[in-house]
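What follows is a short report on a single structure.
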Amino acid sequence: MIKNMVSMTDVSVVRSGRKILGPLTADISSGEHYALLGPNGAGKSTLMSLMAGDAHPTSGIADVLGHKFGKDDIRQLREGVSVINQHLAETLPAGSSALETVLTGKKNVLAHWWDQFGPNDEENALSALEMVGCRHLAARALGSCSQGERQRILIARSLLVRHELFLFDEPCVGLDFPAREKLLLTVDDLVRSGTVKASVYIAHYLEELPTSLTHAILLKDGRISVAGPVEDILTDENLSDLYEVPIRVVRNNGRWGAFVSR
Ligand SMILES: Nc1ncnc2c1ncn2[C@@H]1O[C@H](COP(=O)(O)OP(=O)(O)OP(=O)(O)O)[C@@H](O)[C@H]1O
Ligand SMILES: [Mg+2]
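One rule links them: number in the working numbering = place in the sequence shown (from 1) + 1366.
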């Protein structure tokens, strides 16, 4: 439980002459599963892009899976990190089958070439689809799958290789209620079975958080306003400060919810 997955020290990101993130310091260890919450523009996706190795900090020290930015080959880091976001869902070819889409996860590429894959890969891809309840969709074109099915196929894609760190950026966007619930149960199962060892999960609604979260970071104007064990962080007071409206947090069977209180 102590293996350090992410270590950010005084990290900042400047874009177009404006500091959009930081300075902030954050550590994530194996066994920790973080909610990352904050208003639009708070810097959540920017922080996640640092953890994915898709962006470099302008200043500070960022170390992800033991790879130091500016020192090591960051491409190796990318092989250990799985990102599930809307951008990826829209970039993968709509004409590829679900099975082909999952196979692209082996090399984390967008298109598949059959000559790169052996029979084991196909079997593994089918088991990954099974794990997310989508094996029956193996032959279906990705573009013909519903948004919820697509999100779960993307999770299957990231299960093809054993990734150390899973990053979810608003995975429930556009999902109807049952699709959202299925996706959250899938995430919970993967965390509890130890398949997902550490994760960061961005959401706009507390109802969209999986029950397996252990920690939370609240981000405001590019800075961490508060971080720690999830029960200590998702409180009326912290969320009211974050969103600048009076908020009442509720919890039921491990699930979270929030309302503006009068
Ligand atoms: N390349 C860029 N150039 C200038 N500003 C940028 C750039 N990328 C991001 N920003 C700005 O940085 C801020 C943080 O963006 P980011 O996408 O990280 O926010 P977010 O918390 O994920 O928001 P949302 O909830 O809307 O997805 C925003 O104000 C955004 O406009
Ligand atoms: Mg974002």
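All C-beta atoms, glycine included, are put in the ideal place defined by N, C-alpha and C.
How would you label residue i, buried or exposed, when you count the other beta carbons within 10 angstroms and need 16 or more for buried?
i	result
Ser1448	buried
Lys1434	exposed
His1422	exposed
Gly1407	exposed
Gly1471	buried
Verify whether the separation of the beta carbon atoms of residue i and residue j is less than 8 Å.
i	j	result
Leu1575	Trp1622	yes
Ala1505	Ser1462	no
Glu1515	Ala1569	no
Thr1503	Leu1458	Strictly speaking, residue 1503 in this sequence is Leu, with Thr absent from that position. In this structure, Leu1458 does not lie closer than 8 Å to Leu1503 by Cβ.
Ile1394	Val1377	no
Leu1413	Ala1428	no
Val1380	Thr1424	yes
Ala1564	Ala1582	no
Ala1545	Ser1510	no
Ile1590	Leu1390	yes
Gly1404	Leu1600	no
Gly1409	Gly1588	yes
Thr1577	Asp1542	no
Considering only residues of the same chain and omitting the five flanking positions on each side of residue i, which have a CB-CB separation below 7 Å?
i	result
Val1468	Ala1491, Ala1494, Leu1495, Ile1519, Ala1522, Arg1523, Leu1526
Val1539	Gln1452
Leu1454	Leu1520
Leu1443	Gly1419, Val1430, Leu1431, His1433
So, at 6 Å on beta carbons, what are the nonlocal neighbours of residue i in its own chain, with the 5 sequence-adjacent residues on each side left out?
i	result
Phe1534	Ile1450, Tyr1567
Ala1418	Val1447, Val1449, Leu1533
Does DSSP put residue i in a helix, in a strand, or in coil?
i	result
Arg1589	strand
Ser1462	coil
Gly1514	helix
Ala1494	helix
Ser1317	Residue numbering for the chain in the displayed model covers 1367 to 1628; residue 1317 lies beyond these limits and cannot be assessed.
Pro1595	strand
Lys1385	strand
Asp1420	coil
Ala1522	helix
Thr1391	strand
Who are the Cβ neighbours of residue i in its own chain at under 8 Å, not counting the five residues just before and after it?
i	result
Ile1613	Asp1602, Leu1605, Ser1606, Ala1624, Phe1625, Val1626, Ser1627
Can you tell me whether residue i sits near ligand 4, meaning its C-beta is under 7 Å from at least one heavy atom of the ligand?
i	result
Asp1587	Of the ligands this structure carries, namely ligand 1 and ligand 2, none is ligand 4.
Who's in the neighbourhood of ligand 1, going by beta-carbon under 6 Å from any heavy atom, listed in chain order? Arg1381, Ser1382, Ile1386, Gly1404, Asn1406, Gly1407, Ala1408, Gly1409, Lys1410, Ser1411, Thr1412
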